[in-house]
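Letter by letter, the sequence shown follows residues 238 to 1000 in this note's numbering. Heads up, the beta-carbon is just placed ideally off N, CA and C, and yes, glycines get one too.
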Amino acid sequence: MARTHALGMPRIGAKRELKFALEAFWRGEIDEAALRATASGIRQANWQRQASAGLSHVAVGDFAYYDPMLTHVALLGCAPARFGFAGTLGLADYFQLARGNADHHAMEMTKWFDTNYHYLVPEFRPDTNFALDEGWLFDEVAEAQTAGFTPKPVLIGPLTFLYLGKEKVAGFDRFDLLDRLLPVYGQILARLKAMGVEWVQIDEPILALDLPATWRAAFERAYHTLNAAGVKLLLATYFGPLAENLRVATALPVAGLHVDAVRGGAELTQVIDWLPATKVLSVGIVDGRNIWKTDLAAAFNRLDGLHQNLGDRLWLAPSCSLAHVPASLAAEAALDPELKSWLAFADEKLGEMQTLARALNAGRTAVAAALADNTAALASRRASARVHNPAVAARLANLGATDDQRTSPFARRQTAQRARFRLPDFPTTTIGSFPQTPDIRAARAAFKRGALDAAGYQAAMQHEIEYAVRKQEALGIDVLVHGEAERNDMVEYFGEQLAGYAFTQFGWVQSYGSRCVKPPLIYGDVSRPQPMTVAWTRYAQSLTARPMKGMLTGPVTMLQWAFVRDDQPRSQTALQIALALRDEVTDLEAAGIGIVQIDEPAYREGLPLRRADWPAYLDWASRAFRLSASGVADATQIHTHMCYSEFNDILPAIAAMDADVITIETSRSDMELLRGFGDFAYPNEIGPGVYDIHSPRVPAVAEMTRLLEKAAAVIPARNLWVNPDCGLKTRSWPETETALANMVAAAQSLRANHEGRRPAPRD
Ligand code: GLN
Ligand code: ZN
238 MARTHALGMP RIGAKRELKF ALEAFWRGEI DEAALRATAS GIRQANWQRQ ASAGLSHVAV
298 GDFAYYDPML THVALLGCAP ARFGFAGTLG LADYFQLARG NADHHAMEMT KWFDTNYHYL
358 VPEFRPDTNF ALDEGWLFDE VAEAQTAGFT PKPVLIGPLT FLYLGKEKVA GFDRFDLLDR
418 LLPVYGQILA RLKAMGVEWV QIDEPILALD LPATWRAAFE RAYHTLNAAG VKLLLATYFG
478 PLAENLRVAT ALPVAGLHVD AVRGGAELTQ VIDWLPATKV LSVGIVDGRN IWKTDLAAAF
538 NRLDGLHQNL GDRLWLAPSC SLAHVPASLA AEAALDPELK SWLAFADEKL GEMQTLARAL
598 NAGRTAVAAA LADNTAALAS RRASARVHNP AVAARLANLG ATDDQRTSPF ARRQTAQRAR
658 FRLPDFPTTT IGSFPQTPDI RAARAAFKRG ALDAAGYQAA MQHEIEYAVR KQEALGIDVL
718 VHGEAERNDM VEYFGEQLAG YAFTQFGWVQ SYGSRCVKPP LIYGDVSRPQ PMTVAWTRYA
778 QSLTARPMKG MLTGPVTMLQ WAFVRDDQPR SQTALQIALA LRDEVTDLEA AGIGIVQIDE
838 PAYREGLPLR RADWPAYLDW ASRAFRLSAS GVADATQIHT HMCYSEFNDI LPAIAAMDAD
898 VITIETSRSD MELLRGFGDF AYPNEIGPGV YDIHSPRVPA VAEMTRLLEK AAAVIPARNL
958 WVNPDCGLKT RSWPETETAL ANMVAAAQSL RANHEGRRPA PRD
């Protein structure tokens, strides 16, 4: 009998119950008991779902009040010493680690592998000690048992835990903490065994990464220690093939291995060859990262032979935790029924596994109706006219070899642009958005509700645009923006206007803590029925003689922050989006807009987990960007913008985008990020951020001048722009005005101290 299980469930609740309870608790509106009751309700509902779908065990320990890594820090008693917490960590302390307090900044947050989830980074020092905290995990195991479920506790493995943390002291290697850490894992496992637990899932997703040899070699020793506890261990790997880590993973002294058969399917035969005949193999056959229905017939065909071989030793699971997809399709009443029939969220994925397991155990006829439904849904998706647009396909097929290249090399374009715009040295600009005031949000909400008509909404937004333009003129900014008042979100705004995109009502996924995002679905060929930003931008330009910068979200970011169709390569979808954006860029140019910024904040996030896969990604990603940007004349200036990531290891690829100007976030690293651009001799113009927009603090003129002088030491002064780190939508007007006035003053002081190299300014 093949059995089914899940590596983890969505943690926020089907209606984002955890988000609302957390925020109410932080505001002091509910007490800890009420928060705990909500959390318990979410866990119970998840267990009930797993049990109803026929799963033999339910995942326990996949829940977290803020973040599973932080909960693991609590379990291991290794909260950063700087907070001074001693003994068992209470909920209030826990939230201080996550959110900071008056004396200590929060633990750092970073992306969980290549997902859009952010975890809190464990902090390690030579004196970090580990001591088992008697708290949550054991309570939750008991809670599940009391409710009649068979728990399979889920733990982050020791090597992944250390690897994803960070040393807070120089000259020390967190790897050295392993020997101190393993005994605590031993205690946890012994305790679980004493509670009657049979299986424990230990997650080691770093086995899907390029691992240093010392880390790979340590697995054997670590799992030898853990295995001594006598509880059955299921080692879970996910997010990619195991490649050179495969032999290590299959040879470990554990009772079972989970592999991601969606991303690592090609290796499955090899895994079976290497896996000792006593071990359980959990096959992650259902995509835990995306929202499309599984092709059950194809999955059955892959599993059937395996099942005959492995019998009881075959387990089925989603490829990874289901925390990366929304909870359930049930609530999506407004979604087009045909499109909905192609989708599977977490609940529906559990149902798919149930169907597959029954087909294996009782024969296909036992689930004939479910299989037929699945086949029909897939056939409708394959053939649907809403997916396939021949015009889009034809346009891509007919792309010329130079369509992704500007007419002239950068030097020629720079001359043309300088002659056209006659900007001063160190020109000032902003990244696009201005404060999203309560007025703006109220107008947008009223328009959506139907309480404000189209003309009223347009007038309200034009009023905001005019306000932003006048402010920028008064501040003396050189290249203006319209302020993005009409945009709720930089991806949603465009997605809503593009064919091939759809939006759910409740498709929320946790981003971090109480923050959730609702990614759009890209289900079909992408095209642009009509201009998306031209009217607003043209209106903004009509108000001023200064250049108005058009503002678009780039193809890679549009892709990265969505659930993307899986029936063609991501690169193909990126190129389709690029062509839609290209039309917008050329329409803006035709409307008299001379400068267009194409934002790519998610450019680096798209990098594959394995370095060997980077060149192929960077190749199509930069091509998609260039395709969107290259339809314009030399004298039209293309900007791009990136933020909050490490750029230094992909500089050649950033240069290959060939934007005339790149604005990047640098102020928090005190311009350190820029050093790479200097060493690499980045060929085009750069605007390093001098104003950290995450803080209400207004930087002084001298501070920004110092940052700019630092930048001018590594970047030729003639290529430098002056701008904030990122958009200003989360700030308020008064602080924004003061900060920008200081920024303009800083640019002026630089102009006074550096030789002018541009043609004389116009005024
Ligand atoms: N133009 C966008 C804004 O200013 C850019 C946002 C971003 O980089 N995430 O809001
Ligand atoms: Zn940004």
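| message | Here's the rule: buried if 16 or more other CB atoms are within 10 angstroms of the residue's CB, otherwise exposed. What is Ser556? | response | Walking along the sequence shown from the start, residue 556 turns up at place 319. With 16 or more other Cβ atoms within 10 Å, it is buried.
Figure out for me which residue from Thr347, Asn885, Thr506 has the closest Cα to the Cα of Pro359. On the sequence shown, residue 359 is found 122 positions in, with the first residue counted as 1. Checking every option, the nearest Cα to that of Pro359 belongs to Thr347.
**Study point:** Phe731 - DSSP class collapsed to helix/strand/coil
**Key:** Residue 731 sits at position 494 when you count from the first residue of the sequence shown. Reduced to three states, the DSSP call for Phe731 is helix.
Are there 16 or more other CB atoms within 10 angstroms of the CB of Pro766, so buried, or fewer, so exposed? Reading the sequence shown from its first residue, position 529 is the one you call residue 766. Classification for Pro766: exposed.
message: In this structure, how does DSSP classify Arg240 when only helix, strand and coil are distinguished?
response: The residue given as residue 240 occupies position 3 in the sequence shown. Residue state, collapsed to three classes: strand.
My assumption, with CB atoms under 8 Å, is that Ala861 sits in contact with Val793. Please give the rounded CB distance. Taking the sequence shown and counting its residues from 1, one reaches residue 861 at position 624. Taking the sequence shown and counting its residues from 1, one reaches residue 793 at position 556. The beta-carbon distance between Ala861 and Val793, rounded to whole angstroms, is 6 Å. This is short enough to meet the 8 Å contact definition.
| said: Closest to Thr1045 by C-alpha separation, out of Ala465, Tyr400, Leu426, would be which residue? | reply: No answer is possible for residue 1045: the residues shown for the chain start at 238 and end at 1000.
Exercise for review: Would you be able to state if there are at least three C-beta pairs under 8 Å between the stretch 681 to 695 and the stretch 712 to 720?
Suggested key: no
My output table needs one value for Pro388: the three-state DSSP class, helix, strand or coil. Counting from one through the sequence shown, the residue named residue 388 turns up at place 151. Three-state result, Pro388: strand.
*Among all the DSSP beta bridges, which residues are the ones paired with Ala959?*
Position 722 of the sequence shown holds residue 959. Ala is not the amino acid found at residue 959; the sequence shown has Val there. BP columns for Val959 point to Thr665.
Taking the alpha carbon of Phe412 as the reference point, which residue from Val421, Ala427, Pro395, Gly423 has its own alpha carbon closest? Counting from 1 along the sequence shown, the entry for residue 412 is found at position 175. The shortest Cα separation from Phe412 among Val421, Ala427, Pro395, Gly423 belongs to Pro395.
Requested in this report: Select from Ala978, Glu842, Ile522, Thr325 the residue whose C-alpha is nearest the C-alpha of Leu559.
Outcome: One-based indexing of the sequence shown puts residue 559 at position 322. The shortest Cα separation from Leu559 among Ala978, Glu842, Ile522, Thr325 belongs to Ile522.
| message | Quick check on DSSP: helix, strand or coil for Val517? | response | Along the sequence shown, read from residue 1 onward, the residue named residue 517 stands at position 280. Three-state DSSP puts Val517 in a strand.
Notebook entry, point to check: Whole-angstrom Cβ separation of Leu965 and Pro672, contact assumed at under 8 Å?
Noted result: The sequence position of residue 965 within the sequence shown is 728, counting from 1. The sequence position of residue 672 within the sequence shown is 435, counting from 1. With a Cβ gap of about 6 Å, Leu965 and Pro672 count as contacting.
Near Gln424, what residues of its chain come up, given a Cβ to Cβ distance below 8 Å and the 5 sequence neighbours on each side ignored? Numbered from its first residue, the sequence shown carries residue 424 at position 187. These residues qualify, in order along the chain: Leu369.
I'd like the span of the beta strand (DSSP E) that includes Arg752, first residue to last. Within the sequence shown, the letter at position 515 stands for residue 752. Here the beta strand (DSSP E) through Arg752 covers 752 to 754.
*asked:* Given this structure, state the Cα-to-Cα distance separating Thr612 from Leu533, to the nearest angstrom.
replied: The residue you call residue 612 lines up with position 375 of the sequence shown. The residue you call residue 533 lines up with position 296 of the sequence shown. The straight-line gap from Cα to Cα measures roughly 8 Å.
Discussion item. Any heavy atom of ligand 1 closer than 7 Å to the beta-carbon of Glu721?
Written reply: Translated into the one-based positions of the sequence shown, residue 721 becomes position 484. Flag set: Cβ of Glu721 near ligand 1.
* To do: Have a look at Phe386, Ala777, Arg678, Thr506 and flag the residue whose alpha-carbon is nearest the alpha-carbon of Met788.
  => One-based indexing of the sequence shown puts residue 788 at position 551. Answer by Cα proximity: Ala777.
Check your understanding: Where does Ala982 fall in DSSP's three states?
Key -> Residue numbering aside, residue 982 sits at position 745 when the sequence shown is read from its first letter. Residue state, collapsed to three classes: helix.
Outcome for Asp1000 when other beta-carbon atoms lying within 10 angstroms are tallied against a minimum of 16: Taking the sequence shown and counting its residues from 1, the one referred to as residue 1000 is at position 763. The pLDDT assigned to Asp1000 is 47, lower than 50, so where the model puts this residue is not dependable; a value taken from the coordinates is nonetheless given after this. Classification for Asp1000: exposed.
*asked:* Quick check on the burial criterion: 16 or more other C-beta atoms within 10 angstroms. Buried or exposed for Ala896?
replied: Translated into the one-based positions of the sequence shown, residue 896 becomes position 659. Flag for Ala896 reads buried.
Q.
Could you tell me the alpha carbon to alpha carbon distance between Gln507 and Gly501, rounded to whole angstroms?
A. For the purposes of this step, residue 507 is identified with residue 270 of the sequence shown, where counting begins at 1. For the purposes of this step, residue 501 is identified with residue 264 of the sequence shown, where counting begins at 1. Rounded to whole angstroms, Gln507 to Gly501 spans 11 Å at the Cα level.
Ala296 and Leu374 - do their beta-carbons sit closer together than 8 Å?
By one-based count along the sequence shown, residue 374 stands at place 137. By one-based count along the sequence shown, residue 296 stands at place 59. Contact check for Leu374 against Ala296 fails: the beta carbons are separated by 8 Å or more.
Decide yes or no for the touch test of the stretch 922 to 936 against the stretch 833 to 851: beta carbon pairs closer than 8 Å, at least 3 of them.
-> no
> Touching or not, the stretch 642 to 655 and the stretch 697 to 707, by the rule of three or more beta carbon pairs under 8 Å?
Replying inline: no
Residues near ligand 2, CB to any non-hydrogen atom under 5 Å, in chain order?
Pro838, Cys880, Cys963
Q.
For a quick check, are the C-beta atoms of Ala311 and Gly372 less than 8 Å apart?
A. On the sequence shown, residue 311 is found 74 positions in, with the first residue counted as 1. On the sequence shown, residue 372 is found 135 positions in, with the first residue counted as 1. Yes, these two residues count as a Cβ contact at 8 Å.
### Query
Taking Arg1001 as the reference, which of Pro490, Arg280, Gly298 has the closest Cα?
The shown model of the chain, from 238 to 1000, leaves out residue 1001, and the question about it has no answer.
- Glu254 by DSSP, collapsed to three states: which one? Taking the sequence shown and counting its residues from 1, one reaches residue 254 at position 17. Helix, per DSSP.
_One question on the structure: do Glu821 and Met879 come within less than 8 Å of each other, judged by their Cβ atoms?_
The sequence position of residue 821 within the sequence shown is 584, counting from 1. The sequence position of residue 879 within the sequence shown is 642, counting from 1. Result no, Cβ atoms of Glu821 and Met879 do not sit closer than 8 Å.
Open item on the list: My parser needs the beta strand (DSSP E) runs of 3 or more residues fully inside the stretch 908 to 964; what are they?
Closed with: 922 to 925
| said: Is His878 a contact residue of ligand 1, with contact defined as CB to any heavy atom under 7 Å? | reply: Here residue 878 refers to the residue found at position 641 of the sequence shown. Yes.
(message) Please state the DSSP three-state secondary structure of Tyr302.
(response) As a first step, residue 302 is located in the sequence shown; it is residue number 65 there, counting from the start. Here Tyr302 sits in coil by DSSP.
Taking the alpha helix (DSSP H) that Ile279 belongs to, which residues open and close that run? Locating residue 279 in the sequence shown gives position 42, counting from the first residue. Ile279 -> alpha helix (DSSP H) spans 269 to 289.
TODO: Indicate, with yes or no, if ligand 1 has a heavy atom lying under 7 Å from the CB of Ile443.
DONE: Residue numbering aside, residue 443 sits at position 206 when the sequence shown is read from its first letter. No; taking the cut-off as 7 Å, the Cβ of Ile443 has no heavy atom of ligand 1 nearer than that.
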